[in-house]
Amino acid sequence: DPKSGLVGLFKYGTKGDVCLMLLGVVFSFLQGVTMPVLGLFFGQMTNVLMRASIQGLHGTGDNYTETNNNEKFSPISNNESVISNNTQEHLTADEFNQTMNTFALYYLGIGIISFGSSFLQNYLWETSCERQIYKLRQLFFSQILRQEISWYDMKKEGDLSSKLSDDIERIREGIGHKFSMVTQYLSAFVSGIAVGFYANWRLTCVLLCLGPFLIGTSAILAKISASSAAREQMKYSLASGIADEVLACLRTVTAFGGENNESKRYEDAIEKGRSLVMKRYHFIAIVIFVIFFIIYGSYALALWYGGYLIGEGICTPGSVFAVFFSVMTAAFSIGNVLPYINAVSTAMGSASNIYNIISRIPEIDSYSKEGICPKTLEGKIDFKDVFFTYPSRQDVQVLNGLTMEIKPGETVAIIGSSGAGKSTIVNLLLRFYDTNRGQISIDGNNITSLNLKWLRNNIGVVSQEPVLFGVSIADNIRYGKENITMEDIEKASTLANAHSFIIELPEGYNTQVGLRGAQLSGGQKQRIAIARALVRDPKILLLDEATSALDSQSEGIVQEALDKAMIGRTTIIIAHRLSTIRNVDKIFALQNGVPVECGTHDQLMSKKGLYYNLVMAQTREAKEQELFDDIDKNREENEPQALSSSSSVASSRSRGLNEVKVVKKKKDTYFIRLSKMNASECHFVLFGIFACACVGCISPVFAYFYGELFSTFKLRGEELDSAIRFWSLMFVMLGVISGFAYWLQTVSMSAAAEHLIARLRTKSFNNILRQEISWFDNENFSVGRLITKLARDAPMVKSAAGLRAGSLITSFVTMGSGLAIAFIFGWKLALLLSLGVPILIYSGYKHLLLIRSNQIRDAALMEDAGKVATECLQNIRTVQSLGKEQVFVKQYIKFLECPYKESKKQAIIFAFTFATSQAFLFFLYSAGFRFGSYLISVGGMLPDQVYRVFFALSFCATAVGTGTAYLQDWAKAIMAAKSVFEILDKKSELDPISTDGLKPEISGKVSFERIVFSYPSRKHVKILRGLTVSVEAGHTLALVGGSGCGKSTVISLLERFYVPDEGKIFIDDCDILELNIAHLRAQMGLVTQEPDLFNCSIKDNIAYGALHTHITDQDIMQAAKTANIHDFICSLPEGYDTLCGDRGTQLSGGQKQRIAIARAIVRNPKILLLDEATSALDTYQ
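Its first residue numbered 1, the sequence shown is counted upward by one per residue in the UniProt record's numbering.
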């Protein structure tokens, strides 16, 4: 069960990990015992100091008043049972020093044990944690890629990317050293109670009456924290999903001026998550108030009852101090363990989300070894009475009893209107989905009985919208088949008519194609996708509009290559251009999910049915196309050899706009900048700092109270009773003040931190949307990396804010006030003991530097892993159709290896520094009491002064140790802040929401004058070489030419996605660089070759074209009618409210394109830009 609670958190640990954790638990228990055992010795030492204080030391010259006292101590010592002048002689100075030497050695020994156990505890747990997280990342990524497509239809990739980074980071925090701190404090609690019983069972029993209240409130806190943490992560993952969707469709967002709209959508999602987080913190604050009131109230009760026992002669001050020390350790353990319990609870909440996915076995399992793997494949395909509806739209019947038979080696074409079910047939053959009813068989075997990996490896697919990965051209083709030679790659590229353009690129086959092939034209991408399919030499070839993105010249050559490739293979062609399927063996004409006609071209033409009508409709188009082909064939390229200097000078201002620049701030200003960003929450910050100062003073004040008890227990009779009442009341007041201070600290610091994190995320996202498109072409700022930064880095800044920052402030205040009290009551002892504080601070500082330097390297490497993950999730259909899930998993693991190795090294450094801070307190005890005893023996100090100084400084050392423990988190926060500010500091050269620039009335005349352009990521490849062309307002201009010649580039320049290297572009004789960029884009409507739709309703997708103007439902419907999509939308059960799915996956290519056309039309633009706008449409549409 993935929700099996605490034990389930470690369900993916190996036996080795379990051994490491068990050993870590043993050493954490040992570490937890050290402080209560110290209390045992401390009680014995208190007897000696009390005796010296009451009786004086023989030979010191001090005349302390003696009191008759026949009471026996509780059996905490065998040789210090009574303080009475009747039974014991005065201690000499030598005897006193010798006894104190023994205690000093005890403390030193405990310190050595503490150092060793603390080091091993942290090292073992951190090592085990890194091993498990390393494995968990691999498992989770592997299991995500394993899930069937129908599961993805219900999910968002951004949500999954968030889980891969943010959720696993939360698990990492909960199963490392923070978990060991829970067991350590548990051990301290139990052993503290045990020592208390041993020292004075009566007093301990009274104190334990309050225990159930303390444990109960802590348990409630842990339970609510875990459940709310899971809800918080789900809310924040929605924001990550929005970021992923928007950045993946960035050109569409930019073209339609949707930056502000998307910023608001993202901000709203972040705000919902923040509100949920604050509800949890308000509850936590109330519980913490109760806990600390109970803790300090228990001291008041202990003091009152302890004073009574001393007054009645039942026990002695030493036993009361022993109980105080041990039970205090137990009580503080409950308070101190709360942040760690919170971390573990959050980890459990995140783990429930992660482990559910890991444990899920998909219905269509690509990892399964089950199924038939025939030795030979002939390629016979049968569809028998197949019914199918998509899981996300079960009301829409796509296939209605489809029956088809395709013989081995036969080439079959499937035609029909958009949405008739053509691409669905491809999806079913690849087993992206299973049929609702009926059967699909290959060579007589039901495809559900075939091994899925074997099936997909024997099918080559070229889809309507080709997907390339952000690697080289050669590696993209290599995804078709592993372990192939360069000769195989070139052969496949030649078949696909891609070799000629590839070798013209400066880096040839090693050219990086960019995210989703952004550096290539549509035709170039399609040809590489065809080469990728052909290189695997498949027995079954599925061509889903494989030539739709090619120009006429390339299409003819590629079609000829495909004709050769089809020989000996069973081929299914989905086609709109019917001229490409004349020579196929059989044509199926689909309508409403069933074949209404079947036969050869000649047979169907003679029937004069559906196919005949489609062919006749395309005849005129075909004749016009032939004319353009002839023109294209006879055209000779004339490149201008010289450009006027005026043209160069005029464009020099824009030359640098395509360069990626990051404004770097001065080093180490991150904390100051974060503080400035939090300025609007200054009231929270001020209240929080005040509360932190109060919390910081509580420990030194407590230490002062503790020292006063030493003097109080020397009193007798009414004086003792009066003093006990007074100090009991003081402890109650301290409980109220501390409870209120902790409540105020939790609420104020958390509120300030959550506002800061929300602001960082929204500002980062907003600034990303403002950047020029060329910035995203840079590998360092690819969409995958930016999504990872948003999901991981901004929340990690919290480690330097909120409660953790409050803990550091508290530590500094505790240290300062502790030193002040120490120097007031005994500067000599304070001077010696305070020498150790700089050692702790220096070791912590060095620790911080080491961690930061390592994390810089780790962050970069984790970004590479995040890029692989995001790219795979965005293109999951391509990954699965290629059967390359494990290839990408291996790539992901490769990027994880280096940070994994480095994190294990960091574990040693962290463990050493942490152990030093933990053991230092015991060394302080050893040195402090030894020197203090010397000062007492020479008359330099009184015993009660030693107590005050010592406890003030011991709390000071504890504060430094606590601060050191947070240094690792602080280092992570500084690294994350650096990463976030890199985004925030990037000044956009083409700011889409800038108010600068002219906003004239535009009629629509467009002119290009001597435009020279090359993409920033491929400066050596000139795309446009002196383009000069113009078109009058209201006229139509068509751009034709070979694939990659710069047609789409012209549109990108007109939209100001990029700026020309040289030359000018004019609209109505006004240089577009002088126009307001938002105003410019508002005049244009864009329909791209591969339209991007958002995961919202059809109505909202169309309305996206007119975000800045008021439109009615009637306007939307009219646009849909113009785009010939209205009737189809009305046929859907939910009509215009039908969800399109992630990037429109719930719609066919033609349906998506028509909605994109409607989106452009509803904008009512002066300039319409159609980049292959009808490539995915059938003839009627």
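Even glycine gets a Cβ: it sits at the ideal position worked out from N, Cα and C. Small disclaimer: the values here were computed from a predicted structure and weren't measured.
Here T810 is near G696, since their CB atoms are less than 8 Å apart. Apart from sequence neighbours up to five positions away, the residues of its chain that approach T1088 with a beta-carbon distance below 6 Å are D1171, ordered along the chain. In this structure, the beta-carbon distance from I1125 to R1154 falls below 8 Å. Residue range 411–416 is occupied by the beta strand (DSSP E) that includes I414.
DSSP, read as helix, strand or coil, puts E1032 in coil. Counting only the Cα atoms, I587 lies some 11 Å from E405. C-alpha of K1064 to C-alpha of F684: approximately 53 Å in a straight line. Counting the other CB atoms within 10 Å of its CB gives D395 a total below 16, which places it among the exposed residues. The residues F588, in chain order, have a CB closer than 6 Å to that of C598 in the same chain once the five nearest residues on each side in sequence are set aside.
In this structure, DSSP gives L831 a helical state, which the three-state scheme calls helix.
Within the model, the alpha-carbon separation for V797 versus E863 is close to 17 Å. Residue pairing from DSSP places L541 in a beta bridge opposite G460, T571. When secondary structure is reduced to three states using DSSP, K135 falls in the helix class. Between L829 and G932 the beta-carbon gap is near 5 Å, inside 8 Å, which marks them as a contact. In the displayed model, V596 falls within a strand according to three-state DSSP. Counting along the chain, the unbroken beta strand (DSSP E) around F1066 starts and ends at 1062–1067. In this structure, the beta-carbon distance from I168 to F10 does not fall below 8 Å.
DSSP places S1007 in the uninterrupted beta strand (DSSP E) bounded by 1006–1013.
Secondary structure remark: continuous beta strand (DSSP E) runs of at least 3 residues inside the segment 723–782: none found. Of the residues assessed, H1108 falls on the exposed side of the cut-off, its CB having fewer than 16 other CB atoms within 10 angstroms.
For E719, the three-state secondary structure derived from DSSP is helix. With respect to F981, R770 sits apart: the two C-beta atoms are not nearer than 8 Å.
In this structure the segment 18–35 touches the segment 184–198; the number of beta carbon pairs closer than 8 Å is three or more. Minimum Cα-Cα distance from Q1118 among the listed residues I1157, T99, Q1151, R1081 corresponds to I1157. For F823, same chain residues with a beta-carbon under 6 Å away, outside a window of 5 residues either side, are A830 in chain order.
S118 and F293 have their C-alpha atoms some 30 Å from each other. Boundaries of the alpha helix (DSSP H) around E262: 259–311. DSSP places Q397 in the coil class of the three-state scheme, outside both helix and strand. Around the Cβ of A679, a 10 Å sphere holds fewer than 16 other Cβ atoms; the residue is exposed. Per DSSP, reduced to three states, the secondary structure at D1071 is strand. Distance from the CA of E560 to the CA of R1056, rounded to the nearest whole angstrom, comes to 38 Å. In the DSSP secondary-structure assignment, A589 is bridged to I415, E597. Apart from the 5 residues on each side of it in sequence, H601 sits with its Cβ closer than 7 Å to the Cβ of R582, I587 in its chain, given in chain order. Its Cα nearest to that of G192, the residue S326 stands out among Y107, F332, S326. Between the segment 298–318 and the segment 723–740 there are three or more inter-stretch CB-CB distances shorter than 8 Å, so the stretches are counted as touching.
Sequence-distant partners of F929 (beyond 5 residues in either direction) whose C-beta falls short of 8 Å from its own C-beta, in its chain, are M45, M100, F103, A104, Y107, V946, F950.
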